[in-house]
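Peer 1: The following block contains the structure, expressed as structure tokens.
Residue numbers (mature numbering (1 follows the signal peptide of the UniProt record, and there is no 0)): -18 to -1, 1 to 347.
Structure below.
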């Protein structure tokens, strides 16, 4: 039986408490080294516990892939080589954003939805939150894909911090990811046609499968959850990884794969944009090489304020995203994961756990 989890939640401001959360230090260490040091494929990672959530272990900034810089810009992610020891007690930068001077409800009313730190091409990191006193030996796991219209977004915006929810339940493990966005994640060039940002998301799922048991998680009970662009990503994930989804459930919160509209088989958008940066009228390989050597800040400025009209989002590549999602669904070409559909509308929430707990109860997760 095929299952699709669909959750429609009214995402609203988690303002007052979220601000207070972020005022606390995220570098306070404890003497519970045996609880905080975990061996992973990235190396031994050492997390922390703070006074805001004293029963929650946190690891901020675990690398799941190598830095996608230089010759790896625009390319699929590569697993991170192991480092001996990593202190993971601070947020890493979000991936490079497409900027705007326009006023939005987020900038004016709910800044907790905005990223809270810096930006960098070296951005492929995850944050993990796990209970100190878990209710069982193997806990269900949530992997969260943040939204942002595929032009921005990241793991460190305040409304995504789940520590108070885990503090109260001690029953789940939560992972939040960074992934590449805009042209850096979805270049669709002649020599780099794949959706690198969607492949980033897949690598996070694979990393979780391989490493989450060491954190107390159950690799057979992983739920992939996304909001807005993250929800679209969740939908595309179900179509892309039919034979090996790894996850056991999907939650699409305000978005679906059918919203995908970009189809540029001739790879015209990237080539036109490259011309604004001195990389025009070149063969496919030389065009890509030229763009890989352009300063990332220059790419960001031209993309954001250069008046190019360029838009870079997931494209139909036949690997991570497909044009005929409805037909594929009718043909059974969707991951064999739990099917439940519920529609819920929530009012104002002052903390992430306000709707998380209700959602978990509704789905018996």
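We treat Cβ as the ideally placed atom computed from N, Cα and C, and that holds for glycine. Just so it is clear, the structure is predicted and the values come from calculations on it, not from any experiment.
Using a Cβ-Cβ cut-off of 6 Å (strictly less than) and excluding sequence neighbours within five positions of residue 170, which residues of its own chain qualify?
Peer 2: Your numbering for residue 170 matches position 188 in the chain shown. These residues qualify, in order along the chain: 246, 249, 252, 297.
Peer 1: For residue 224 versus residue 206, is the C-beta distance shorter than 8 Å?
Peer 2: What you label residue 224 is simply residue 242 of the chain shown in a count that begins at 1. What you label residue 206 is simply residue 224 of the chain shown in a count that begins at 1. No, Cβ-Cβ distance for residue 224 and residue 206 is not below 8 Å.
Peer 1: Beta strand (DSSP E) containing residue 202: first to last residue?
Peer 2: For the purposes of this step, residue 202 is taken as residue 220 along the chain shown, with counting starting at 1. Its beta strand (DSSP E) spans residues 199 to 209.
Peer 1: Helix or strand or just coil, what does DSSP make of residue 193?
Peer 2: In the chain shown, residue 193 corresponds to position 211, counting from 1. Of the three classes helix, strand and coil, the one that applies to residue 193 here is helix, per DSSP.
Peer 1: Which partner residues does residue 138 have in the DSSP bridge list?
Peer 2: Taking the chain shown and counting its residues from 1, one reaches residue 138 at position 156. Paired residue(s): none; residue 138 is not in a bridge.
Peer 1: So if DSSP puts residue 126 in a beta bridge, which residue, or which two residues, is it bridged to?
Peer 2: Residue numbering aside, residue 126 sits at position 144 when the chain shown is read from its first letter. Paired residue(s): 158, 207.
Peer 1: Which ranges does the beta strand (DSSP E) cover as unbroken runs of at least 3 residues, wholly within the region 224 to 259, from first to last along the chain?
Peer 2: The region 224 to 259 contains these whole beta strand (DSSP E) runs: 231 to 235.
Peer 1: Can the beta-carbon of residue 190 be found less than 8 Å from the beta-carbon of residue 117?
Peer 2: To locate residue 190, count along the chain shown from 1; it is residue 208. To locate residue 117, count along the chain shown from 1; it is residue 135. Cβ atoms of residue 190 and residue 117: not closer than 8 Å.
Peer 1: Taking all protein chains shown into account, do 16 or more other C-beta atoms lie within 10 angstroms of the C-beta of residue 60, making it buried, or fewer, making it exposed?
Peer 2: Working through the chain shown from its first residue, we reach residue 60 at position 78. When all chains shown are included, residue 60 counts as exposed.
Peer 1: In angstroms, rounded to a whole number, what distance separates the CA positions of residue 196 and residue 229?
Peer 2: Position 214 of the chain shown, counting from 1, holds the residue named residue 196. Position 247 of the chain shown, counting from 1, holds the residue named residue 229. Each residue's alpha carbon lies about 17 Å from the other.
Peer 1: Measure the alpha-carbon distance for residue 72 versus residue 42 and round it to whole angstroms.
Peer 2: As a working mapping, residue 72 is identified with position 90 in the chain shown. As a working mapping, residue 42 is identified with position 60 in the chain shown. One C-alpha to the other measures close to 5 Å.
Peer 1: So, helix, strand or coil for residue 294, using DSSP?
Peer 2: Here residue 294 refers to the residue found at position 312 when the chain shown is read from its first residue. Reduced to three states, the DSSP call for residue 294 is coil.
Peer 1: Identify the residues that DSSP records as bridge partners of residue 147: which are they?
Peer 2: Here the question's residue 147 lines up with position 165 in the chain shown. In the DSSP output, where bridge partners are listed per residue, residue 147 has none listed.
Peer 1: Note down the Cα distance separating residue 323 from residue 301, rounded to an integer number of angstroms.
Peer 2: For the purposes of this step, residue 323 is taken as residue 341 along the chain shown, with counting starting at 1. For the purposes of this step, residue 301 is taken as residue 319 along the chain shown, with counting starting at 1. Any reading at residue 323 is ruled out, since the residue's pLDDT is 34, under 50, leaving its predicted position unreliable.
Peer 1: Per DSSP, which one or two residues make a beta bridge with residue 71?
Peer 2: Reading the chain shown from its first residue, position 89 is the one you call residue 71. The partner list for residue 71 (beta bridge, DSSP) reads 42.
Peer 1: Once DSSP output is grouped into helix, strand and coil, what is the label at residue 17?
Peer 2: For the purposes of this step, residue 17 is taken as residue 35 along the chain shown, with counting starting at 1. Note: residue 17 maps to helix in three-state DSSP.
Peer 1: Name the two residues that bound the continuous alpha helix (DSSP H) containing residue 279.
Peer 2: On the chain shown, position 297 is the one that residue 279 refers to. Note, residue 279: alpha helix (DSSP H), 278 to 287.
Peer 1: If you draw a straight line from the C-alpha of residue 147 to the C-alpha of residue 40, how long is it?
Peer 2: On the chain shown, residue 147 is found 165 positions in, with the first residue counted as 1. On the chain shown, residue 40 is found 58 positions in, with the first residue counted as 1. For residue 147 and residue 40, the distance between alpha carbons rounds to 13 Å.
Peer 1: Can you tell me whether DSSP reads residue 109 as helix, strand or coil?
Peer 2: The residue labelled residue 109 in the question sits at position 127 within the chain shown. Residue state, collapsed to three classes: strand.
Peer 1: Kindly identify the DSSP beta-bridge partner or partners of residue 61.
Peer 2: The count along the chain shown starts at 1 and reaches residue 61 at position 79. For residue 61, which the question treats as bridged, DSSP gives the partners 47.
Peer 1: Grouping DSSP H, G and I as helix and E and B as strand, with all else coil, what is residue 7?
Peer 2: Working through the chain shown from its first residue, we reach residue 7 at position 25. The predicted position of residue 7 is uncertain, since its pLDDT is 35 and thus under 50; no value can be drawn from it.
Peer 1: Thinking just about the alpha-carbon of each residue, which of 164, 183, 69, 295 is nearest to the one in residue 158?
Peer 2: Start at 1 with the first residue of the chain shown, and residue 158 comes out as number 176. Taking only the C-alpha atoms, the option nearest residue 158 is 183.
Peer 1: Taking the alpha-carbon of residue 286 as reference, which of 112, 50, 81 has the nearest alpha-carbon?
Peer 2: The residue given as residue 286 occupies position 304 in the chain shown. Measuring from the Cα of residue 286, the nearest candidate turns out to be 81.
Peer 1: Does the beta-carbon of residue 308 have 16 or more other beta-carbons within 10 angstroms, so that it is buried, or is it exposed?
Peer 2: As a first step, residue 308 must be located in the chain shown, where it is residue number 326. Exposed, by the Cβ-count rule.
Peer 1: Please report the residue range of the beta strand (DSSP E) in which residue 26 lies.
Peer 2: Translated into positions along the chain shown, residue 26 becomes position 44. 25 to 28 is the extent of the beta strand (DSSP E) around residue 26.
Peer 1: Which one or two residues does DSSP pair with residue 152 in a beta bridge?
Peer 2: Position 170 of the chain shown, counted from the first residue, corresponds to residue 152. Answer by DSSP bridge pairing: none, since residue 152 is not bridged.
Peer 1: Please state if the CB of residue 166 and the CB of residue 269 are separated by a distance shorter than 8 Å.
Peer 2: For the purposes of this step, residue 269 is taken as the residue at position 287 of the chain shown. For the purposes of this step, residue 166 is taken as the residue at position 184 of the chain shown. No, these two residues do not count as a Cβ contact at 8 Å.
Peer 1: Once DSSP output is grouped into helix, strand and coil, what is the label at residue 79?
Peer 2: Along the chain shown, one-based indexing puts residue 79 at 97. Residue state, collapsed to three classes: coil.
Peer 1: Give a yes or no on whether the C-beta atoms belonging to residue 110 and residue 44 are separated by under 8 Å.
Peer 2: As a first step, residue 110 is located in the chain shown; it is residue number 128 there, counting from the start. As a first step, residue 44 is located in the chain shown; it is residue number 62 there, counting from the start. In this structure, residue 44 lies closer than 8 Å to residue 110 by Cβ.
Peer 1: Put residue 322 into one of helix, strand or coil per three-state DSSP.
Peer 2: Here residue 322 corresponds to residue number 340 of the chain shown, with the count starting at 1. Per-residue confidence for residue 322 stands at a pLDDT of 39, beneath the threshold of 50, marking its modelled position as unreliable; the derived number appears in the next sentence. Residue 322 falls in the strand class under three-state DSSP.
Peer 1: Whole angstroms are fine: how far does the CA of residue 108 sit from the CA of residue 201?
Peer 2: Numbered from 1 along the chain shown, position 219 holds the residue referred to as residue 201. Numbered from 1 along the chain shown, position 126 holds the residue referred to as residue 108. So the alpha carbons of these two residues sit roughly 17 Å apart.
Peer 1: Who are the near neighbours of residue 135 in its chain, counting only those whose CB is closer than 6 Å to its CB and skipping five residues on each side?
Peer 2: Within the chain shown, numbered from 1, the residue matching residue 135 stands at position 153. Contacts found: 128, 129.
Peer 1: Would you mind sorting residue 24 into buried or exposed? The rule is 16 or more other CB atoms within 10 Å of its CB.
Peer 2: Against the chain shown, residue 24 aligns to sequence position 42. It counts as buried.
Peer 1: Would residue 65 be called buried (16 or more neighbouring beta carbons within 10 Å of its own) or exposed?
Peer 2: Counting from one through the chain shown, the residue named residue 65 turns up at place 83. Per the 10 Å Cβ criterion, exposed.
Peer 1: Helix, strand or coil: how does DSSP classify residue 264 here?
Peer 2: In the chain shown, counting from the first residue as 1, residue 264 sits at position 282. It is coil, neither helix nor strand.
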